[in-house]
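Colleague:
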Amino acid sequence: MSKALEGYRILDFTHVQSGPTCTQLLAWFGADVIKVEKAGEGDATRAQLRDIPGVDSLYFTMLNHNKRSICVDTKTAQGKEVLERLIRHCDVLVENFAPGALDRMGFSWERIHELNPRMVVASVKGFGPGPYADCKVYENVAQCAGGAASTTGFDDGPPMVTGAQIGDSGTGLHLALGILAALLQRQNTGRGQKVLAPMQDAVLNLCRVKLRDQQRLERNHVLKEYPQYPDSRFGSSVPRAGNASGGGQPGSILKCKGWETDPNAYIYFITQAAVWPAVCRVIGEEGWITDGAYATPEARLLHLKPIFARIEQWTMTKTKFEAMEILNEYDIPCGPILSMQEIAHEPALRASGTVVEVDHPVRGKYLTVGNPIKLSDSPTEVRRSPLLGEHTDEVLTQLGYGPEQIDALRAQRVI
Ligand code: COA
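Residue numbers (the numbering used here): 60 to 474.
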């Protein structure tokens, strides 16, 4: 079967996580992704967080599937020549170097556009234009600067970052979308363009609802869906909401049977207004269906803590999976807190190709997260990440280099 991005060539000048997430998606959709790495070293993540000495780390392998790897020292004259040929050969250049690195290498937007006017040049940077534009940025900096940390955690604790890599992988997703839009526009204009996804902006986009709440707070001085209501005072900015949903349908994380020993024996329970009578029946509080203090969503906001405490008395008598089964019968929205161990063995995720076992020639078998986006006419086959420089000769040959020229580049340590 053909692939959605078949025929598109991506010059993948990315490293670490944010950029590689983006180009991995493009590769899964069928693009030919050529990862350009520093000769001899490669992407720093190959050697980071290694679990097997001398073997590409899971950090690297899990972010670089379906790509080809070519080693070129792009700071040498001959290396720049290779890069120029690649720029002419490809549709998109994706990079996430520190600000200015590509210019210092001699490949400004103007220069790239001159070499290939159709090329889309896509960048992840920590910040957009402004006081921090020149800063190097990693995941948690973006989570902090994008509003996620100040709104995550508990009211009586410090700001908190989340395990979901919204700064890196979240920005990679945004960048991929920008690239596809630019490629579509190119079909009409014939011109490439710059695509920029700053990590701060991407995180803020994902924290959009908190900026919504900031404005609601400024207008009404209270957020009735937050756990601070009605007992504590609100300050001038959106507080941390713990595990409260904070949205239109109150929710909370509740203990289930076994919580004393299992750190993940919990369920997320949402008291959706539409199923409030069913919630009352399940927990044995039928009186709450008509009691004025509980009967309407507005009235319940004053009593969310005791309501969830009562529901928890019920959930604690069930395992999270038993509770799920009962609640699903009544269409009560809920979800088990799944550990990574449970997710790794979840049959449905295996069947859908979202959790995939991959074989690697050096590492052997390992688990990875496959393509979470499913296209009915472009199925994803997850192929292992490339070894460092595995495709250098193959790609150089495609670019028109002969065997002697390749040998000479190797002798001069350009590749
Ligand atoms: N051959 C020769 N040199 C190469 C090369 C190659 N194939 N590929 C990269 N380089 C050089 C670059 O030219 C640059 O050199 P310079 O600093 O002399 O100009 C250097 O390698 C890469 O630098 P940099 O991007 O600064 O790497 P770093 O490890 O110091 O910083 C980050 C890492 C992630 C902090 C930084 O790249 C960054 O802020 N990126 C943007 C935001 C981002 O994506 N962050 C999330 C990462 S998950």
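Just so you know, even glycine gets a beta-carbon here, dropped at the ideal spot from N, CA and C.
Can you grab the Cα-Cα spacing for the pair Ile111 / Thr120, in whole Å?
Modeller: One C-alpha to the other measures close to 13 angstroms.
Colleague: Following the continuous alpha helix (DSSP H) through Tyr118, name the residue where it begins and the one where it ends.
Modeller: Here the alpha helix (DSSP H) through Tyr118 covers 117-120.
Colleague: Can you list, in chain order, the residues of its chain whose CB lies under 8 angstroms from that of Ala303, leaving out five sequence neighbours each side?
Modeller: Correct list, in chain order: Glu284, Tyr285, Pro286, Pro309, Gly310, Ser311, Leu363.
Colleague: How long is the line joining the alpha carbons of Thr451 and Cys194, rounded to whole angstroms?
Modeller: Thr451 and Cys194: Cα-Cα distance of roughly 32 angstroms.
Colleague: Please tell me whether Arg250 and Asp150 are closer than 8 angstroms, where the distance is taken between their beta carbons.
Modeller: Their beta carbons are not under 8 angstroms apart, which means Arg250 does not touch Asp150 by this criterion.
Colleague: Need the endpoints of the alpha helix (DSSP H) that Cys203 sits in, please.
Modeller: Residues 198-204.
Colleague: Between which two residues does the alpha helix (DSSP H) harbouring Gly305 extend?
Modeller: Note, Gly305: premise wrong, no alpha helix (DSSP H); not H, not E.
Colleague: Assess, as a yes-or-no matter, whether the region 201-219 is touched by the region 287-297 under the definition of 3 or more beta carbon pairs within less than 8 angstroms.
Modeller: Verdict: yes, contact present.
Colleague: Can you check the region 367-394 for any alpha helix (DSSP H) of at least 4 residues that lies completely inside it and give the ranges in chain order?
Modeller: You should have 379-388.
Colleague: By DSSP's criteria, Ala257 is part of a beta bridge. Which residues make up the other side?
Modeller: In the sequence as displayed, the identity of residue 257 is Pro instead of Ala. Beta-bridge pairing links Pro257 to Lys184.
Colleague: What's the C-alpha gap between Leu117 and His124?
Modeller: About 11 angstroms.
Colleague: Can you tell me whether Arg299 is helix, strand or coil according to DSSP?
Modeller: Here Arg299 sits in coil by DSSP.
Colleague: Please confirm whether any heavy atom of the ligand COA lies closer than 7 angstroms to the CB of Glu198.
Modeller: Yes.
Colleague: Are the beta-carbon atoms of Gly306 and Val262 separated by less than 8 angstroms?
Modeller: Cβ distance not < 8 angstroms, so Gly306 and Val262 don't count as in contact.
Colleague: Quick one: using the 10 Å Cβ neighbour count with 16 as the cut-off for buried, is Leu64 buried or exposed?
Modeller: So Leu64 counts as buried.
Colleague: Would you say the beta carbon of Arg163 comes nearer than 7 angstroms to a heavy atom of the ligand COA?
Modeller: Checking every heavy atom of the ligand COA against the Cβ of Arg163, one is found closer than 7 angstroms.
Colleague: In the DSSP assignment, the alpha helix (DSSP H) including Cys130 goes from what residue to what residue?
Modeller: Counting along the chain, Cys130 falls outside any alpha helix (DSSP H), though it belongs to the beta strand (DSSP E) covering 126-130.
Colleague: For Gly78, which residues in the same chain have their Cβ closer than 7 angstroms to its Cβ, ignoring the five residues on either side in sequence?
Modeller: Counting only Cβ-Cβ distances below 7 angstroms, and skipping sequence neighbours, we find Val153, Glu154, Asn155, Val183, Gly231.
Colleague: Between Gln400 and chain C, is the shortest Cβ-Cβ distance under 8 angstroms, so that the two count as touching?
Modeller: Note that chain C does not occur in the displayed structure, where there is just one protein chain.
Colleague: I'd like to know whether the C-beta atoms of Ala201 and Gly237 end up nearer to each other than 8 angstroms.
Modeller: Contact flag unset, no.
Colleague: Does Asp162 pass the burial test, meaning 16 or more other C-beta atoms within 10 Å, or should it be called exposed?
Modeller: Asp162 should be labelled exposed.
Colleague: Leaving out the 5 sequence neighbours to the left and right, which residues in its chain are closer than 6 angstroms to Phe367 when beta-carbon positions are compared?
Modeller: So the list reads Ser311, once near-sequence residues are dropped.
Colleague: Return the CA-CA distance between Glu388 and Ile348, expressed in angstroms with no decimal places.
Modeller: Answer to the nearest angstrom: the Cα atoms are 19 angstroms apart.
Colleague: Just checking Asn155 against the ligand COA - is the residue's beta carbon closer than 7 angstroms to any of the ligand's heavy atoms?
Modeller: Asn155: yes, Cβ under 7 angstroms from the ligand COA.
Colleague: What does DSSP give as the partner residues of Arg68 in its beta bridges?
Modeller: Looking at the DSSP assignment, Arg68 forms a beta bridge with Asp91.
Colleague: Give me the DSSP bridge partner(s) of Ser311.
Modeller: The partner list for Ser311 (beta bridge, DSSP) reads Phe328.
Colleague: Are there three or more Cβ pairs, one per stretch, closer than 8 angstroms when the region 327-334 is compared with the region 406-413?
Modeller: No, they do not touch.
Colleague: Reducing DSSP to helix, strand and coil, say where Val220 ends up.
Modeller: In this structure, Val220 counts as coil in the three-state DSSP scheme.
Colleague: May I ask you to verify whether the region 169-184 touches the region 126-141, counting CB pairs closer than 8 angstroms and requiring at least 3?
Modeller: Verdict: no, contact absent.
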